[in-house]
Structures are given as structure tokens and as C-alpha cells.
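End of the sequence shown = 221 in full-length UniProt numbering, gap-free, step of one.
Here a beta-carbon is modelled for each residue, glycine too, at the ideal position from N, C-alpha and C.
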Amino acid sequence: MSEAVAVADTRTPLFFVSYSRPQIRRAGNTPHAYLSRFFDDLSTHVSELVGLPTGVDPGFMDSSLGGGERWTPELLRAAGTCQVFIPLVSSSFISSAWCAMEWHAFARRRIEPRVAGGSAHETAIVPVNWSPTAESSLPPSIRAIQRFSPTAIPDDNTVARQYEQEGVYGLLTMQQEQAYRAVVWRLAQRVVAIHRAYHVHPLVPAGVDELRTLFTEEAAA
């Protein structure tokens, strides 16, 4: 097994979106359109909050279709250098070996506060409800981390309840625009807050053989 290498590079994605690809792969199908919209909206908000120059993309989301072709050097580097990991939790995410390995690539990295007094127990993993999943079906790795929930917005209880019941995919499917926009805006603020408060040390896998399918291992334990 090859050794992981630590790198330092200022031009790295601020956040990494991990998701399970829809089984339907027709051009223009709804799941892909929703994923693209979510990523674009989140990127726009994060760019606005951190003041990135025009044309600089703050996030990474692998958009290739071939599962066996996903582990490119670009993807490995993004998973090993991004500062915030955003898994889009769904039933297919839980069963995806690829998503489990992306999670492991990030989770094994060291995180520390940027300023004195920060919590040593913070995580830079922000699980997002993509579609409804039963808490009992989640692997221990996911259950151990509090999933994102929007707060401090008008009618936040209503929006949070809609989001927690339906997920981002459900909000888009039902055309709940106000709730969807509030969720993505608050998520962008959460991403930037973590980025400003914590530093996740880079650790880029030299190859996919270093990564574990954590969810499968936990289910078999």
C-alpha cells in the first residue's frame, strides 16, 4: 500500500461536495440538474462571503459519469486538500463504496483551530440531507456527526422542518424555492464559518488503495 503524502497549496477547493450519482444517466435528467443547481448556488454564496476573485471556483464536485473513472488525480487532490467536506446524505450515498472512500479521505485528516480557544472536537464534515433517510439506517460514521440544519432565519422552524423531512432534493422537487434558498444560504455561511475558524491539514492519497469503504466495514462489524 502506498503512503499518503502531505501537501501545501493555496489553490485548493474550500469545499468538496460528495454525492452518489443517480442511476439514470440520460442527459438533462432531473437528479443531475438538481445537483448542478445546488453546487452552483452554494458556490455563488461562498464566493460572495469570502470575496473570491471572479472566475475562481470555491468548491469541487466531480461531474464525471463513469464510476470506475472517478479516482482521478484531481479528485484525490481535492479530497485531500479541501477545507470543508459536504456529503449529500441519501440512501444511495450510504450504500456507495465511492462515497465511503471520499469520506475516509477527508475524515483521516487532522483539524485544528486557527485561533486559540477553539474547540478541539470540531469537525469540518457537514452532512446535508439530500433525500429522506432513516436515522437507524445511517452508518456509525454519519450518525456520529450532527447533520446540518438551517437556523436564525425567518420562520426557521418551518424551513428546518421542511428540510429535515424532505431533504434538498425534496425541496427542489416540490418547488419549495423559499425554503431551498434559505437552506443553501445558511449552508454557505456554515461552510465559511468553519473555514475561518479551523484549518484541515492536507493529506492527499497517493492512490485509491489507501482508502477504506468505511460504511461497508461498519455494517459488517
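Using a C-beta cut-off of 8 Å, the stretch 27-45 makes no contact with the stretch 70-84, since fewer than three inter-stretch Cβ pairs fall below that distance.
In this structure, E102 is the residue among D62, T81, T12 and E102 with its C-alpha nearest to the C-alpha of E210. Closest option to V204, judged by alpha-carbon separation, among F93, R110, L49 and L52: R110. Counting along the chain, S18 sits inside the beta strand (DSSP E) bounded by residues F15 to S18.
Taking a cut-off of 8 Å on C-beta distances, the stretch 162-172 touches the stretch 124-132, as three or more cross pairs fall below it. For L88, the closest C-alpha among the options P113, E112 and M61 is that of M61.
Collapsing the DSSP output to three states places H201 in coil. Going by C-alpha positions, L138 is about 7 Å away from I94.
Under the three-state reduction of DSSP output, V56 falls in the coil class, being neither helix nor strand.
For P139, the three-state secondary structure derived from DSSP is coil.
When L52, E135, I86 and G80 are compared, the shortest CA-CA separation from V126 is found for I86. Counting only the Cα atoms, Y198 lies some 15 Å from T12.
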